[in-house]
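For reference, the structure discussed in these notes is given below.
There are 4 protein chains.
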Amino acid sequence: MPKTEHWQWYVEQFGPTELHHHAIEETFFAGRTAFQEVAVIRTAAFGKMLVLDGDTQSSQADEKIYHESLVHPALAAIDDRRNVLILGGGEGATLREVLRRPDVVRATMVDIDGDVVELSKRYLPEWSAGAFEDPRARVVVGDALQFLRDDRDSYGAIVSDLTEPLEDSPSNPLFCDAAFADIKRRLVPAGVYVLQASTAGFHNMALHAKMSRTLRRHYRFVRSFYAHVPAFDNDWAFLACSDAVDVAAVPRERIEDYVAGLRGESYFYDAETHVRLFSLPLYLRRELQKDGDVF
Amino acid sequence: MPKTEHWQWYVEQFGPTELHHHAIEETFFAGRTAFQEVAVIRTAAFGKMLVLDGDTQSSQADEKIYHESLVHPALAAIDDRRNVLILGGGEGATLREVLRRPDVVRATMVDIDGDVVELSKRYLPEWSAGAFEDPRARVVVGDALQFLRDDRDSYGAIVSDLTEPLEDSPSNPLFCDAAFADIKRRLVPAGVYVLQASTAGFHNMALHAKMSRTLRRHYRFVRSFYAHVPAFDNDWAFLACSDAVDVAAVPRERIEDYVAGLRGESYFYDAETHVRLFSLPLYLRRELQKDGDVF
Amino acid sequence: MPKTEHWQWYVEQFGPTELHHHAIEETFFAGRTAFQEVAVIRTAAFGKMLVLDGDTQSSQADEKIYHESLVHPALAAIDDRRNVLILGGGEGATLREVLRRPDVVRATMVDIDGDVVELSKRYLPEWSAGAFEDPRARVVVGDALQFLRDDRDSYGAIVSDLTEPLEDSPSNPLFCDAAFADIKRRLVPAGVYVLQASTAGFHNMALHAKMSRTLRRHYRFVRSFYAHVPAFDNDWAFLACSDAVDVAAVPRERIEDYVAGLRGESYFYDAETHVRLFSLPLYLRRELQKDGDVF
Amino acid sequence: MPKTEHWQWYVEQFGPTELHHHAIEETFFAGRTAFQEVAVIRTAAFGKMLVLDGDTQSSQADEKIYHESLVHPALAAIDDRRNVLILGGGEGATLREVLRRPDVVRATMVDIDGDVVELSKRYLPEWSAGAFEDPRARVVVGDALQFLRDDRDSYGAIVSDLTEPLEDSPSNPLFCDAAFADIKRRLVPAGVYVLQASTAGFHNMALHAKMSRTLRRHYRFVRSFYAHVPAFDNDWAFLACSDAVDVAAVPRERIEDYVAGLRGESYFYDAETHVRLFSLPLYLRRELQKDGDVF
Numbered sequence: 003m004p005k006t007e008h009w010q011w012y013v014e015q016f017g018p019t020e021l022h023h024h025a026i027e028e029t030f031f032a033g034r035t036a037f038q039e040v041a042v043i044r045t046a047a048f049g050k051m052l053v054l055d056g057d058t059q060s061s062q063a064d065e066k067i068y069h070e071s072l073v074h075p076a077l078a079a080i081d082d083r084r085n086v087l088i089l090g091g092g093e094g095a096t097l098r099e100v101l102r103r104p105d106v107v108r109a110t111m112v113d114i115d116g117d118v119v120e121l122s123k124r125y126l127p128e129w130s131a132g133a134f135e136d137p138r139a140r141v142v143v144g145d146a147l148q149f150l151r152d153d154r155d156s157y158g159a160i161v162s163d164l165t166e167p168l169e170d171s172p173s174n175p176l177f178c179d180a181a182f183a184d185i186k187r188r189l190v191p192a193g194v195y196v197l198q199a200s201t202a203g204f205h206n207m208a209l210h211a212k213m214s215r216t217l218r219r220h221y222r223f224v225r226s227f228y229a230h231v232p233a234f235d236n237d238w239a240f241l242a243c244s245d246a247v248d249v250a251a252v253p254r255e256r257i258e259d260y261v262a263g264l265r266g267e268s269y270f271y272d273a274e275t276h277v278r279l280f281s282l283p284l285y286l287r288r289e290l291q292k293d294g295d296v297f
Numbered sequence: 003m004p005k006t007e008h009w010q011w012y013v014e015q016f017g018p019t020e021l022h023h024h025a026i027e028e029t030f031f032a033g034r035t036a037f038q039e040v041a042v043i044r045t046a047a048f049g050k051m052l053v054l055d056g057d058t059q060s061s062q063a064d065e066k067i068y069h070e071s072l073v074h075p076a077l078a079a080i081d082d083r084r085n086v087l088i089l090g091g092g093e094g095a096t097l098r099e100v101l102r103r104p105d106v107v108r109a110t111m112v113d114i115d116g117d118v119v120e121l122s123k124r125y126l127p128e129w130s131a132g133a134f135e136d137p138r139a140r141v142v143v144g145d146a147l148q149f150l151r152d153d154r155d156s157y158g159a160i161v162s163d164l165t166e167p168l169e170d171s172p173s174n175p176l177f178c179d180a181a182f183a184d185i186k187r188r189l190v191p192a193g194v195y196v197l198q199a200s201t202a203g204f205h206n207m208a209l210h211a212k213m214s215r216t217l218r219r220h221y222r223f224v225r226s227f228y229a230h231v232p233a234f235d236n237d238w239a240f241l242a243c244s245d246a247v248d249v250a251a252v253p254r255e256r257i258e259d260y261v262a263g264l265r266g267e268s269y270f271y272d273a274e275t276h277v278r279l280f281s282l283p284l285y286l287r288r289e290l291q292k293d294g295d296v297f
Numbered sequence: 003m004p005k006t007e008h009w010q011w012y013v014e015q016f017g018p019t020e021l022h023h024h025a026i027e028e029t030f031f032a033g034r035t036a037f038q039e040v041a042v043i044r045t046a047a048f049g050k051m052l053v054l055d056g057d058t059q060s061s062q063a064d065e066k067i068y069h070e071s072l073v074h075p076a077l078a079a080i081d082d083r084r085n086v087l088i089l090g091g092g093e094g095a096t097l098r099e100v101l102r103r104p105d106v107v108r109a110t111m112v113d114i115d116g117d118v119v120e121l122s123k124r125y126l127p128e129w130s131a132g133a134f135e136d137p138r139a140r141v142v143v144g145d146a147l148q149f150l151r152d153d154r155d156s157y158g159a160i161v162s163d164l165t166e167p168l169e170d171s172p173s174n175p176l177f178c179d180a181a182f183a184d185i186k187r188r189l190v191p192a193g194v195y196v197l198q199a200s201t202a203g204f205h206n207m208a209l210h211a212k213m214s215r216t217l218r219r220h221y222r223f224v225r226s227f228y229a230h231v232p233a234f235d236n237d238w239a240f241l242a243c244s245d246a247v248d249v250a251a252v253p254r255e256r257i258e259d260y261v262a263g264l265r266g267e268s269y270f271y272d273a274e275t276h277v278r279l280f281s282l283p284l285y286l287r288r289e290l291q292k293d294g295d296v297f
Numbered sequence: 003m004p005k006t007e008h009w010q011w012y013v014e015q016f017g018p019t020e021l022h023h024h025a026i027e028e029t030f031f032a033g034r035t036a037f038q039e040v041a042v043i044r045t046a047a048f049g050k051m052l053v054l055d056g057d058t059q060s061s062q063a064d065e066k067i068y069h070e071s072l073v074h075p076a077l078a079a080i081d082d083r084r085n086v087l088i089l090g091g092g093e094g095a096t097l098r099e100v101l102r103r104p105d106v107v108r109a110t111m112v113d114i115d116g117d118v119v120e121l122s123k124r125y126l127p128e129w130s131a132g133a134f135e136d137p138r139a140r141v142v143v144g145d146a147l148q149f150l151r152d153d154r155d156s157y158g159a160i161v162s163d164l165t166e167p168l169e170d171s172p173s174n175p176l177f178c179d180a181a182f183a184d185i186k187r188r189l190v191p192a193g194v195y196v197l198q199a200s201t202a203g204f205h206n207m208a209l210h211a212k213m214s215r216t217l218r219r220h221y222r223f224v225r226s227f228y229a230h231v232p233a234f235d236n237d238w239a240f241l242a243c244s245d246a247v248d249v250a251a252v253p254r255e256r257i258e259d260y261v262a263g264l265r266g267e268s269y270f271y272d273a274e275t276h277v278r279l280f281s282l283p284l285y286l287r288r289e290l291q292k293d294g295d296v297f
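Listed in order, the protein sequences are those of chains V, Z, C and S. Note that the first sequence ends on residue 297 in the working numbering; no numbers are left out. Note that the second sequence ends on residue 297 in the working numbering; no numbers are left out. Note that the third sequence ends on residue 297 in the working numbering; no numbers are left out. Note that the fourth sequence ends on residue 297 in the working numbering; no numbers are left out.
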């Protein structure tokens, strides 16, 4: 009987017939918060990973693909970046990307699960990379919906980094017409609302298309874009929504200027990547043109 | 003890720490040919799948992403498509895509493993979709390298759909300077040599970059492009090589004309998808600029 | 990416939290009969295996532990072995063990699934080892319950080698008071009814105890015995029922005489093994003494 | 995508072709001591489990099968139980079983890995059940071999509860002629040396047989016995060695008296279980009679 090299595995289950096994090298934390089951582990292939309710949230190896895609197309598209609001984003990486622009004066992050924020500070400092200590950062532990209703501020960009709106997820109430209207009330007229918006893989485009259909009732421009995030084992989609600006059509030079103004080095995003993100394959465009239900 | 719903699983292993389990619904064939271990199975998520030596080759659900990417950018870029050569491609789907253009007069496919061709005809007819019966198709069962050396014909496009050049793969001898020179000798001066060229995921870009570096010694234009193919669990890369034409820069109108001239319906590729395919993210461009070893 | 050594696995599921993976080396057959899902595979550790509805039925490496235990204690205990009835037992190994005694004049085997019998003859000849060709063997393809009701014969031993009486199993109707009465009507007064009787492992003794409780209402002596069968990943239990003979108390000399009269060589059973089989551990005796429900 | 119920699994690997997955419900500890990799987890089927170097050491659900078998046959066989030595046994369950006899005056336990002892006290108190606090218990953290050489005491029983003597295991030096002689020097003439002695399953009886052959050169009576321990997925074997007493032949009445003198309740062992343990099946007796190599 040979000595087992890897005895502990993280198994992500994509329905009853697809499983993905990652060998766990170290478990930093595994437990429940008031809102969800949380695990912080390290795997050989992806480095550290944050797992919420059994779903991969981000991995050290490729979180930049996700977080740069979520933040930069939207911020590149707007003129006034002084005030940015982040919904969710407990790891602090969305905050980190927002704060890379010096013209951001205040970035407010509202996450319901303070324990995830604390666990991320402790075990995943590479994600926030100092962002939580940035004087421009404001972290609110609380319900995003309540925050939106109580708040009287206006934002040039609202970045939604919530978990999938599954039935028993804390993010579920954020996906309905009323909540979308609450979000829009906090956006300046020239602002952009960008959200992680489920998967764009051929198996499961339906939820993304439903989000798109719903938001097209709220905004003039609603653009889908996506990147393959290996740790998610999926093409991950986003929606950039605005009444003033078509994020898919931001000119190359404008993006180049925007990128030049970012502190630190990017991994994934620049003007050419922007073109990739917003150039959608035929099957996804067909899906997005279909009629169907809305939230 | 509840009744097991799925008792048979196809486990693709990506190194010792990453496994992907697909529940098998039906096994059509599992055995060895003279060259490789072959399985033809059906899974819930991907439909029928061809597995060679334990690696997924293509799946019913998303093979068009792969095969349309392999064939159409190259064919769209050239003027003279009368004579096309395919190396490998036993399933017949590369042949199918080539023959969708009526201006292809002859498509020659050379695959070393006649058993895989026969198994594909029998169990995977959706892949070839009648292509093997097209009078323009010529199927040669034999060694591609030998064919290239014996052949006296010239081709507007040579499409390489070989398996990964792993040490004991029958495709291995096709990846060396001598073989690349043999291929180029069969190409018309304005022709394009396009090949599936390993993975572009952040974990394993090295083999792709090595192929690119090697081929840049043979051609003026060597362009990387890639698509995420879910059944491969990876971003799959290709190289389009030519002394005459930059496939990455084919004008949108030319692609639109090309696509309009295709018989049948496409799933993945058109002018916008072309832009996506050739717009590379920052980390991949950085990798491709590095120095390193060659074949 | 290293070449995968084992890409196909048989996963036996013991409830939602316990899985056992066996690497499949060869699949001889996988399909459905009129009654059940059947697979005949070969694994590295257990050789050939028969799998019905996702549950291991027997393996080449250890089927003798199961089949010798099922047959010989009962046959050793009775005087008149001329006429033996087997319920189920499609592989032919129970028949093989019964026919090893020359004083068996006729062994009748009734299995509902003729396809399993044929598949066993074709792919698992080591199990029957010629038994199907023995002129003393009579194979009836049909419903065991119907056979018992139509039959007018009497048997010294009735050996039940049916699958687990799960809700949708073809063996389910054989486990009820009426069926037990039908079986007893075909037994000579000094006869023994022996049955495979579910598991005796600490997790799941309940079904075995329920069978025992039910049969104690039909017979004077009902003795539990069990052996660990590695391919089943479990301690497998049997019940020996008789109004005349206590199979647990067969004298050592009688077993030695019986074993000496067996053709061929045994792997597992002899007088010392008999003692092991019927010497039950404390926790199982406690479970068997409890009150509870019956069939 | 349904919510994953179990995302973390303990995978015990029995060679490259057999895997056993247990869903992990809780991880109490996972890390390295100076000697080995240690994990303390809870699974649905087996309760808490101790895992050393990827091998299951004991489970809450069935550790009594193992520990009662290891301790009681040997103690039942001897007259003078005042002084007992335990090698290994970090969980404290062997100590617990030894101390259940009031005529044990002192039980000395020597385990090299003090961290495992401390982790067991903290997370597995059900195993020791107060034994570490018993004034008769003496726990020595140190090398067992060194202890045997330095010690001047004599023991009625020496109970070896070491891990498998794999190449890089800390228990490896305890399995050689010199170490066996050291052990015997500490045994009273009428004493018994009992050891966990690898597996008795048909796949891997070789190591057990080798231990038996070696010890037969040291003792007049060397008796194999075994029990199926579900958490080990195996028949687990032991050897009882003595120059004075044949543990396999202890009379039933003596065992009944011994058992009556135990404090607390037993789960597995009594006089009938003793008979089961020492009644070996034919294939194992054959294996034990073979010639072969020794330590």
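Don't be surprised by glycine CBs; every beta carbon is placed ideally from N, CA and C.
Identify, in the order they occur along the chain, each residue of the same chain with its Cβ nearer than 7 angstroms to the Cβ of residue i, setting aside the five sequence neighbours on each side.
i              : result
T6 (chain V)   : Low per-residue confidence applies at T6 (chain V): pLDDT is 36, beneath 50, and the placement is therefore not dependable, though the value from the model is reported in the following sentence. If we look at T6 (chain V) and ignore the five residues flanking it on each side, it has no Cβ neighbours.
G91 (chain V)  : L97, M111, D113 and D163
W306 (chain Z) : Shown here, chain Z extends from 3 to 297; a query on residue 306 (chain Z) therefore has no answer.
By Cβ distance, which residues of its chain are closer than 8 angstroms to residue i, with the 5 residues on each side in sequence left out?
i              : result
V142 (chain Z) : T110, M111, V112, D113 and F149
Within a Cβ cutoff of 6 angstroms, which residues of the same chain sit near residue i, ignoring the five residues on either side of it in sequence?
i              : result
E39 (chain C)  : D55
V296 (chain C) : R215 and T216
P4 (chain Z)   : The pLDDT assigned to P4 (chain Z) is 27, lower than 50, so where the model puts this residue is not dependable, and the model offers no usable value.
Could you name the residues that DSSP lists as bridge partners for residue i?
i              : result
T110 (chain S) : S:L87 and S:R140
Y285 (chain Z) : Answer is none; Y285 (chain Z) lacks a bridge partner.
Is there at least one non-hydrogen atom of the ligand COA closer than 8 angstroms to the beta-carbon of residue i?
i              : result
N206 (chain Z) : Among the ligands in the structure shown, none appear at all, so the ligand COA cannot be discussed.
Please state the DSSP three-state secondary structure of residue i.
i              : result
E236 (chain C) : According to the sequence provided, residue 236 (chain C) is Asn. The question's Glu does not apply to it. Note: N236 (chain C) maps to strand in three-state DSSP.
W9 (chain S)   : coil
H210 (chain C) : helix
R215 (chain V) : helix
E169 (chain V) : coil
T96 (chain C)  : helix
E135 (chain V) : helix
F149 (chain V) : helix
Along the chain, where does the beta strand (DSSP E) containing residue i start, and where does it finish?
i              : result
Y195 (chain C) : L189 to T201
D163 (chain S) : Y157 to D163
V224 (chain S) : F223 to V231
Hey, quick one: how far does the alpha helix (DSSP H) through residue i stretch, first residue to last?
i              : result
F280 (chain V) : A273 to F280
V249 (chain S) : That residue, V249 (chain S), is in no alpha helix (DSSP H); it is neither H nor E in DSSP.
- Message: I'd like the ranges of any alpha helix (DSSP H) spanning at least 4 consecutive residues and lying wholly in the segment 35-81 of chain Z.
- Response: As far as the segment 35-81 of chain Z is concerned, its whole alpha helix (DSSP H) runs of at least 4 residues are 65-79.
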